[in-house]
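A.B. asks: Residue numbers (the numbering used here), protein chains in the order written: chain A, 1 to 175; chain B, 1001 to 1768. Beta carbons are placed, not taken as given, at the ideal position from N, Cα and C, and that holds for glycine. Sharing a structure below in structure tokens format, with a few things to ask.
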Ligand code: FES
Ligand code: FES
């Protein structure tokens, strides 16, 4: 995929070129170096599943994975993400087996209300389960400590992650 | 724990119908939408708290070629928000009454360009004196100084003089609360799209499409059919998207009509916190007469809310506040005097609880102090004074013979082992490093609109038969109630499925669109499940009867039949499938497709709006919270460890969603109780972002134990009462009371912070 920013054609003055692997697909873009990754995802790439709740790294709704690490895409600008970086958003996670298991667990546990925090929560949940397949409750809480949910009171979100961990643990290897 | 009765779909924990789309990131919130050729809007705001507009200067160095500017002169209709009291302009044209008040609007091709353009418009304003700080208001009030009131309302019962003559003990105390922000995670946002017929389509994040609709007709001078309002998926609201969306919709519409393009406006977090509504700060003084054995003889309450620059919803927030000010306890002689003060701050507005959290912070802290004054335990005092069947409330409303109050109180006390644990409270003992305290709050929430609200609105809702086909729905709900995260979409479908006797998958409930749905009233006041649910139930029952009649004629030679589990069955065992019957029914166009019903209040309901006498609400939901806290003696860090919650919300339609409402409301209440704080400096809210406005995260929550007891609403099919707001109401006083019994000192103003605790303890040391 080749994309250019904000309706301008060609490389704008002082813009940079970046090639990333977004949800498994190679993407090349020309963007202003200080353009937020959040805006690039939402506006350039149409990946609107990543949400903006605060724009200052406090709420976690914009969480994505860059090379498997959860980061706030509202604090990250294009220049900080080197060529070849692997970016995973909710759209990518949704297409994965672990993503489907997590989503189903959230739905079953009743962990989704308004839903605005949920994509970020799921990314944080997945990041946790990637490195720790059998998290304790304390580890679950720790993993989503940077994600604000104003609706659920977190009880059912913690339950959902616990449920997903059990299921992913049980899923046959290789899937 | 959930102990709910099941009856088909009512009581069944079905999964939310909107959850999977949200979890996959596919749900479209307003900022996820783009329209062809869309521009972005921004607001030009007053730089001063109070003053008179002399002009608007446009920066001559700015490139204005691709900017549309809207000033008050561009408004085709009425420049006033109709709401309840017509005092707020969409755009200030002469006097500005708060810092940040909108004075003009701009639109430009990008968000950044729109913001830059807004910054390049400089209002020239002659500044005037202003009143902005809540502490100043309270001081002036107590000194008897001059204040302007946006609203006043009193409640009187019996003879207050006599109440105090009979008293052996009089307790007088003051309680305070500050501003609080709803902090729905999705900021406010709208898109306006001009239509070919000169009208406008509004899409956005809102609770009440039928609040926005008439406001825009008046603002734009358009007939109703030319304004169409459609809800997009809402990322939380909590009252914050009750009345405010009318403003932002108006702004987008004005820009769209002037520019001839779609215009989107989405606030960033800072703008959203700074310039949208907050919970009213309050100052409440209780003066209460008691006999030595703990009977309440007279009760006088001074109830002051800080309303901001315009009245907007304040009259109804005050109404709810004063009605709940002494609720739950028997007393023959009551005087409650309520006032809303005008200041030069953004209008205070709706936030989950709507005046009741302020009322219960004062009431339930005070009741603990009353117990202490007559040497009783807090639980004993409450049990002694709780309404009994046949008692009357302050408004004169009669308490039914059987109601949920005493039951939830007893259950919560028993489950939390209150009496035993109360004996172990530390009360500031120097023998331990970790203080323990337990405290309770007993509270309720009037379900539905206050006073004559439901009678005026006459909520309507309908169910419609659709063709089905390709897995499409056979039944469509037409109601203006919005899903904002609380679960209305699922719960109302359950109610209709239950009334009809069909699976929930056959019933759809699209997002409301004023072109398609009747006015079911706004999605506020914990009324949706109870009121709109009742109406839809009736509409669905009418539909079922019509279909049964049809099937009996068409298929069963006139033999009676019943629709159950999607099959019509006659007495002799003949059966016809629901889908087939509907398709046959719809083949003849004249047959009634749409079944509408209207809400009616319980028989004999009466309300005197002028004197606030009568049946203030159709029914009440009741709850008791018992909170346990620990305080680190060295650091005074406060940790809530457990909350035992017992609630009567009538029949529980969906126990998992109901628990979710309680958990969410409880944690929001915890924020209000312990963390959330907005000061005022230079006419602006001091906490203007998530770094400074701290809300609870997962690490802040205690163990939560929930039990529902069901005392159904007797005048509707589903029997549900209000749920949404109740869970927030009692958190702060439960924690405050627990804290008192942990440290031996009471804090009278929210939030409950270690700093305040430190000061309270210092005072004690000084006294000793
Ligand atoms: S939007 Fe990035 S952390 Fe809130
Ligand atoms: S579900 Fe609404 S913020 Fe989490």
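#1: Taking the beta carbon of residue 1505 (chain B) as the centre, do at least 16 other beta carbons fall within 10 Å, making it buried, or is it exposed?
#2: With residue 1141 (chain B) as the anchor, note down where its beta strand (DSSP E) starts and where it stops.
#3: Quick one: grab the DSSP three-state call for residue 1852 (chain B).
#4: Is residue 1301 (chain B) closer than 8 Å to residue 1286 (chain B) when the C-beta atoms are compared?
#5: State buried or exposed for residue 1686 (chain B), treating a residue as buried only when at least 16 other CB atoms are found within 10 Å of its CB.
#6: When the Cα atoms are used, what is the spatial distance from residue 1446 (chain B) to residue 1320 (chain B)?
#7: Let me check you understand the geometry: is the CB of residue 151 (chain A) closer than 7 Å to at least one non-hydrogen atom of ligand 1?
#8: Classify residue 1765 (chain B) as buried or exposed, calling it buried when 16 or more other Cβ atoms lie within 10 Å of its own Cβ.
#9: Mind listing which residues have their beta carbon within less than 6 Å of any non-hydrogen atom of ligand 1? Chain order is fine.
#10: If I follow the unbroken alpha helix (DSSP H) through residue 1252 (chain B), where does it start and stop?
#11: Give the single residue among B:1518, B:1136, B:1151, B:1013 whose Cα lies nearest to the Cα of residue 108 (chain A).
#12: Determine which residues share a DSSP beta bridge with residue 1620 (chain B) and list them.
#13: Relative to the alpha-carbon of residue 74 (chain A), which residue among A:20, A:40, A:154 has its alpha-carbon at the smallest distance?
#14: Among B:1513, B:1181, B:1499, which has the Cα closest to the Cα of residue 1548 (chain B)?
#15: On a CA-only basis, which of B:1273, B:1641, B:1196 is nearest residue 1187 (chain B)? Give me that one, please.
#16: From the beta carbon of residue 1184 (chain B), is the nearest beta carbon of chain A less than 8 Å away?
#17: On the DSSP letters alone, give me the boundaries of the alpha helix (DSSP H) that residue 1064 (chain B) sits inside.
#18: How about the stretch 1577-1588 of chain B and the stretch 1401-1415 of chain B: do they share at least three Cβ pairs that are nearer than 8 Å?
#19: Following the continuous alpha helix (DSSP H) through residue 1818 (chain B), name the residue where it begins and the one where it ends.
#20: Can you tell me whether residue 1337 (chain B) is helix, strand or coil according to DSSP?
#21: For a cutoff of 8 Å on Cβ pairs, would you count residue 125 (chain A) as touching chain B?
#22: Within 7 Å: the Cβ of residue 1486 (chain B) and any heavy atom of ligand 3?
#23: Does chain A have any CB closer than 8 Å to the CB of residue 1651 (chain B)?
#24: Just checking residue 1185 (chain B) against ligand 2 - is the residue's beta carbon closer than 7 Å to any of the ligand's heavy atoms?
#25: Using the beta-carbon of each residue, which ones in chain C are nearer than 8 Å to residue 158 (chain A)?
#26: Tell me which residues share the same chain as residue 1760 (chain B) and place their Cβ nearer than 8 Å to its Cβ, disregarding the 5 neighbours each side in the sequence.
#27: In whole angstroms, what is the alpha-carbon distance linking residue 1227 (chain B) and residue 1213 (chain B)?
#28: Comparing the CB of residue 116 (chain A) with every heavy atom of ligand 2, is any distance shorter than 7 Å?
#29: Look at the alpha carbon of residue 1145 (chain B) and the alpha carbon of residue 1680 (chain B), and state the distance between them as a whole number of angstroms.
#30: Please work out which residues of its chain come closer than 7 Å, Cβ to Cβ, to residue 1256 (chain B), disregarding the five sequence neighbours upstream and downstream, and give them in chain order.
#31: DSSP on residue 1217 (chain B), reduced to helix/strand/coil?
#32: Using CA coordinates, which residue listed in B:1211, B:1299, B:1225 is at the minimum distance from residue 1196 (chain B)?
#33: For residue 132 (chain A), is the classification buried or exposed, using 16 other Cβ atoms within 10 angstroms of its Cβ as the cut-off for buried?
#34: Given that a residue counts as buried once 16 or more other Cβ atoms are within 10 Å of its Cβ, and exposed if not, what is residue 1482 (chain B)?
#35: Residue 173 (chain A) to residue 97 (chain A), Cα distance in whole Å?
#36: Any heavy atom of ligand 2 inside 7 Å of the beta-carbon of residue 1236 (chain B)?
C.D. replies: So, from the data block:
#1: exposed
#2: Residue 1141 (chain B) -> not in any beta strand (DSSP E); alpha helix (DSSP H) instead, spanning 1134-1142.
#3: Since the first residue shown for chain B is 1001 and the last is 1768, residue 1852 (chain B) is missing from the structure and cannot be characterised.
#4: yes
#5: exposed
#6: 8 Å
#7: Every heavy atom of ligand 1 is 7 Å or more from the Cβ of residue 151 (chain A), so no.
#8: exposed
#9: A:52, A:53, A:54, A:55, A:57, A:58, A:59, A:60, A:61, A:62, A:72, A:74
#10: Run containing residue 1252 (chain B): 1244-1259, per the alpha helix (DSSP H) assignment.
#11: Per the Cα distances, B:1013.
#12: B:1446
#13: A:40
#14: B:1499
#15: B:1273
#16: yes
#17: Here residue 1064 (chain B) belongs to no alpha helix (DSSP H), and DSSP marks it neither H nor E.
#18: They do not touch, by the three-pair rule.
#19: With chain B covering 1001 to 1768 only, the question about residue 1818 (chain B) has no answer from this structure.
#20: strand
#21: no
#22: The model on display carries ligand 1 and ligand 2 but not ligand 3.
#23: Judged by the 8 Å Cβ criterion, residue 1651 (chain B) is not in contact with chain A.
#24: Between ligand 2 and the CB of residue 1185 (chain B), the shortest heavy atom gap is smaller than 7 Å.
#25: Judged by its chain identifiers, the structure shown contains no chain C, and its protein chains are A and B.
#26: These residues qualify, in order along the chain: 1743, 1745, 1746, 1747.
#27: 7 Å
#28: yes
#29: 21 Å
#30: 1192, 1193, 1194, 1200, 1262, 1263
#31: helix
#32: B:1225
#33: exposed
#34: buried
#35: The pLDDT assigned to residue 173 (chain A) is 48, lower than 50, so where the model puts this residue is not dependable; a value taken from the coordinates is nonetheless given after this. C-alpha separation (whole angstroms): 11 Å.
#36: yes
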